[in-house]
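Quick notes on the structure that follows.
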Amino acid sequence: MAPGFDGGSRATGGNAPSYPGKLTPYVIITVLAGAAGGLIFGFDLGISGGVTSMAPFLQKFFPEVYEKEHADTSTNQYCKFDSQKLQLFTSSLYLAALVASFIAAAVTKKFGRRISMMIAGFIFLIGAALTGAAVHIAMLIGGRLLLGVGVGFANQSVPLYLSEMSPYNYRGRFNVCFQLMVTVGILCANVINYFTAKISGGWGWRVSLGLAGVPALIILIASFCLSDTPNSMIQRGKETEAKALLKRIRGVNNVDAEFNDMVAAKNEANLVKNPMQNLLNKRCYRPQLTMTILIPFFQQFTGINVITFYAPVLFKSLGFKDDASLMSAVITGVVNMFATGVSIYGCDRWGRRSLFLEGGVQMFVFQVIIAALIGWKFGVSGNVANIQTWFAALVVGCICVYVAGFAWSWGPLGWLYPSEIFPLEIRSAAQSVTVAVNMVFTFIVGQCFLTMLCAMKYGLFIFFAFFVAVMTVFCYFFMPETKNIPIEEMTQVWRSHWFWKRFMNDPNDPVNMAVGMSRLDDADDRV
Ligand code: BGC
Numbered sequence: 183m184a185p186g187f188d189g190g191s192r193a194t195g196g197n198a199p200s201y202p203g204k205l206t207p208y209v210i211i212t213v214l215a216g217a218a219g220g221l222i223f224g225f226d227l228g229i230s231g232g233v234t235s236m237a238p239f240l241q242k243f244f245p246e247v248y249e250k251e252h253a254d255t256s257t258n259q260y261c262k263f264d265s266q267k268l269q270l271f272t273s274s275l276y277l278a279a280l281v282a283s284f285i286a287a288a289v290t291k292k293f294g295r296r297i298s299m300m301i302a303g304f305i306f307l308i309g310a311a312l313t314g315a316a317v318h319i320a321m322l323i324g325g326r327l328l329l330g331v332g333v334g335f336a337n338q339s340v341p342l343y344l345s346e347m348s349p350y351n352y353r354g355r356f357n358v359c360f361q362l363m364v365t366v367g368i369l370c371a372n373v374i375n376y377f378t379a380k381i382s383g384g385w386g387w388r389v390s391l392g393l394a395g396v397p398a399l400i401i402l403i404a405s406f407c408l409s410d411t412p413n414s415m416i417q418r419g420k421e422t423e424a425k426a427l428l429k430r431i432r433g434v435n436n437v438d439a440e441f442n443d444m445v446a447a448k449n450e451a452n453l454v455k456n457p458m459q460n461l462l463n464k465r466c467y468r469p470q471l472t473m474t475i476l477i478p479f480f481q482q483f484t485g486i487n488v489i490t491f492y493a494p495v496l497f498k499s500l501g502f503k504d505d506a507s508l509m510s511a512v513i514t515g516v517v518n519m520f521a522t523g524v525s526i527y528g529c530d531r532w533g534r535r536s537l538f539l540e541g542g543v544q545m546f547v548f549q550v551i552i553a554a555l556i557g558w559k560f561g562v563s564g565n566v567a568n569i570q571t572w573f574a575a576l577v578v579g580c581i582c583v584y585v586a587g588f589a590w591s592w593g594p595l596g597w598l599y600p601s602e603i604f605p606l607e608i609r610s611a612a613q614s615v616t617v618a619v620n621m622v623f624t625f626i627v628g629q630c631f632l633t634m635l636c637a638m639k640y641g642l643f644i645f646f647a648f649f650v651a652v653m654t655v656f657c658y659f660f661m662p663e664t665k666n667i668p669i670e671e672m673t674q675v676w677r678s679h680w681f682w683k684r685f686m687n688d689p690n691d692p693v694n695m696a697v698g699m700s701r702l703d704d705a706d707d708r709v
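Note that the working numbering has the sequence shown beginning at 183, numbered continuously upward.
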């Protein structure tokens, strides 16, 4: 048995408690519409790389990068695009998202998950209009900041929305629909860039940036039509509506067990006056706090956004022509999207741990191979006259296998896992920490990649491979399995884990004791 467990039966899914219910068309439509919130994040992640490789865009906003790129053809390939300003264009969005996620936490808790999703769509729409119409750098960055606020609201509320709406035994695959939409957004952005780069008038980049309005409208309209989650309704005192909704989404009349658990969770949540302070200070939340910080940190240190943001720039640095660079970005986008499907299929069947572990090993191996290939051809000088087609195809192939490893593991599970491990009383606050940490490191990677590539050369891939190795070992020892555990029963996972259980029975944490014990008793009654 993996050392992640000490035989706690529910943690391994052996005796998981169950609620009656079936998979209703209503819940499927609701979840798919809600997941559309991932589109705006994905579109954003995918669009900037292509746009920053377009000459008219660079000439208008970053002339010094454009000149550097064209001035000296013999210059070191690793350093061609190194510009703090260019990186700031890409990464400023994530700073705004970080700040917004904390505001979103309060809104999501007080007014419901749906309102946050609406705000996300609305602000993102304004940001899309500003960036598409930008006439100077201030307008461009201002628009990016608004897009970031939209992403902060969406990423804080959508994963929670999906985890709470889903029947517990479908929670994994439904939540992964968020990431699927993220990858659809990235791919659409890659394809759009491929075509807009060909627009001869030099305004293709405006189309790319302005089209962000489409996913914004989709989430805006979807959130007007959706209902809020039963958990959030109960939290806001709407118990009768919540019960009616629960019957509708589960497709059965007998929802008492699940409903009572939700009410109990709400009552316990009400005892907690300052969720953020509790999350940070109480010993009984240490396991969740650790995960909420480490998982998004690790997700970003897989190095995935080197590919997402800068694939076209990276491929250009590897000597590809403009068209081939954008096409290669489309290829990695397609792989990313289809491989996410594997996670949808597998995360509730094989569990989160096996995907985390397999994905980690796969990413590690292929990052090392990519580093070796680039090191072999480009060496430390980064000067290479001619890249043969077979070599280019081999690098793109290896990048695709690495991307696939991410796409069925740390990509979706990096959002799913944190959203399902918190008790209601700290759920909204903790989700904002997950988003904030993710955004900080997305920002850092976005801001530093071009400079790091210039300084570390092919060693950059070894740098990320190191983190992938560390996170895979961490996952093996410290991540308990969460598949098939109802969200309101999650405390048991920590109570039965060989390491985390030491934090769970502190007599000074009466809330935890009450939560844990009463849930376990209830669960025992039902199994
Ligand atoms: C990550 C993003 C990444 C994307 C790639 C998401 O889960 O949070 O940073 O760009 O996956 O598919």
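C-beta: ideal position from N, C-alpha, C; glycine also.
With 16 other Cβ atoms within 10 Å as the buried cut-off, status of residue i
{"i": "Gln482", "result": "buried"}
{"i": "Ser273", "result": "buried"}
{"i": "Gln338", "result": "buried"}
{"i": "Tyr201", "result": "buried"}
{"i": "Asn372", "result": "buried"}
{"i": "Leu226", "result": "It should be pointed out that residue 226 corresponds to Asp in this sequence rather than to Leu. That one is buried."}
{"i": "Asn694", "result": "Per-residue confidence for Asn694 stands at a pLDDT of 49, beneath the threshold of 50, marking its modelled position as unreliable; no derived number is given."}
{"i": "Lys292", "result": "exposed"}
{"i": "Phe480", "result": "buried"}
{"i": "Glu663", "result": "buried"}
{"i": "Asn436", "result": "exposed"}
{"i": "Trp682", "result": "buried"}
{"i": "Gln266", "result": "exposed"}
{"i": "Gln459", "result": "exposed"}
{"i": "Glu249", "result": "exposed"}
{"i": "Thr422", "result": "exposed"}
Pairwise C-alpha distance: residue j and residue i
{"i": "Met653", "j": "Lys665", "result": "20 Å"}
{"i": "Val622", "j": "Gly367", "result": "21 Å"}
{"i": "Trp676", "j": "Thr472", "result": "12 Å"}
{"i": "Val454", "j": "Ala288", "result": "14 Å"}
{"i": "Gly219", "j": "Met363", "result": "8 Å"}
{"i": "Ile211", "j": "Gln544", "result": "34 Å"}
{"i": "Leu344", "j": "Tyr350", "result": "11 Å"}
{"i": "Leu632", "j": "Val247", "result": "12 Å"}
{"i": "Phe573", "j": "Thr514", "result": "16 Å"}
{"i": "Leu214", "j": "Phe660", "result": "32 Å"}
{"i": "Gly557", "j": "Gly587", "result": "22 Å"}
{"i": "Gly535", "j": "Leu576", "result": "This sequence places Arg at residue 535; Gly is not what is there. Between Arg535 and Leu576, the C-alpha separation is close to 30 Å."}
{"i": "Arg432", "j": "Tyr527", "result": "21 Å"}
{"i": "Pro692", "j": "Glu450", "result": "Below a pLDDT of 50, predicted positions are generally treated as unreliable, and Pro692, at 41, falls in that range; the measurement from the model is reported next regardless. One C-alpha to the other measures close to 10 Å."}
{"i": "Ala379", "j": "Met236", "result": "6 Å"}
{"i": "Val547", "j": "Leu555", "result": "13 Å"}
{"i": "Asp410", "j": "Gly561", "result": "55 Å"}
{"i": "Phe736", "j": "Cys370", "result": "Look at the range of the chain in this structure, 183 to 709, and you will see that residue 736 is not part of it."}
{"i": "Met634", "j": "Cys261", "result": "9 Å"}
{"i": "Cys407", "j": "Arg418", "result": "20 Å"}
Span of the alpha helix (DSSP H), counted from its first residue to its last, around residue i
{"i": "Lys677", "result": "Note that residue 677 is Arg in the sequence shown here, rather than Lys. Run containing Arg677: Thr673 to Arg677, per the alpha helix (DSSP H) assignment."}
{"i": "Asp443", "result": "Asp438 to Leu453"}
{"i": "Ile556", "result": "Arg534 to Phe560"}
{"i": "Arg388", "result": "Gly386 to Gly392"}
{"i": "Ser591", "result": "Taken as a continuous stretch (DSSP letters only), Ser591 belongs to no alpha helix (DSSP H), as it is neither H nor E."}
{"i": "Glu346", "result": "Ile319 to Met347"}
{"i": "Gln481", "result": "Arg468 to Gln482"}
{"i": "Val434", "result": "Careful: Val434 lies outside any alpha helix (DSSP H) and carries neither H nor E."}
{"i": "Pro605", "result": "It is not in any alpha helix (DSSP H) - Pro605 carries neither H nor E in the DSSP assignment."}
{"i": "Gln459", "result": "Pro457 to Asn463"}
{"i": "Ile399", "result": "Correcting the residue type first, residue 399 is Leu in the shown sequence and not Ile. Element bounds for Leu399: Gly395 to Cys407."}
Cβ of residue i within 7 Å of any chain C Cβ
{"i": "Thr664", "result": "Among the chains in the structure shown there is no chain C, since it carries only a single protein chain."}
Close-in-space but distant-in-sequence residues of the same chain around residue i (CB under 7 Å, 5 per side omitted)
{"i": "Phe239", "result": "Val233 and Trp387"}
{"i": "Ile400", "result": "Ala218 and Leu221"}
{"i": "Gly542", "result": "Ser591, Val650, Met653, Thr654 and Cys657"}
{"i": "Ile308", "result": "Leu328"}
Sequence-distant residues of the same chain with beta carbon closer than 8 Å to residue i, five excluded per side
{"i": "Phe646", "result": "Phe483, Thr484, Gly485, Val488 and Gln549"}
{"i": "Asp703", "result": "Here Asp703 scores only 38 on pLDDT, less than 50, and its place in the model is too uncertain to base an answer on."}
{"i": "Ile569", "result": "Leu500, Gly501, Phe502 and Lys559"}
Own chain partners of residue i with C-beta closer than 6 Å, once the 5 adjacent residues on each side are dropped
{"i": "Ala278", "result": "Leu327, Gly330 and Val331"}
{"i": "Asp443", "result": "Glu670"}
Cβ pair residue i, residue j closer than 7 Å
{"i": "Gln361", "j": "Pro600", "result": "no"}
{"i": "Gly203", "j": "Val434", "result": "yes"}
{"i": "Ala521", "j": "Ala589", "result": "yes"}
{"i": "Ile229", "j": "Ser382", "result": "no"}
{"i": "Val619", "j": "Ile475", "result": "yes"}
{"i": "Ser614", "j": "Phe284", "result": "yes"}
{"i": "Ala553", "j": "Tyr467", "result": "no"}
{"i": "Val585", "j": "Asn687", "result": "no"}
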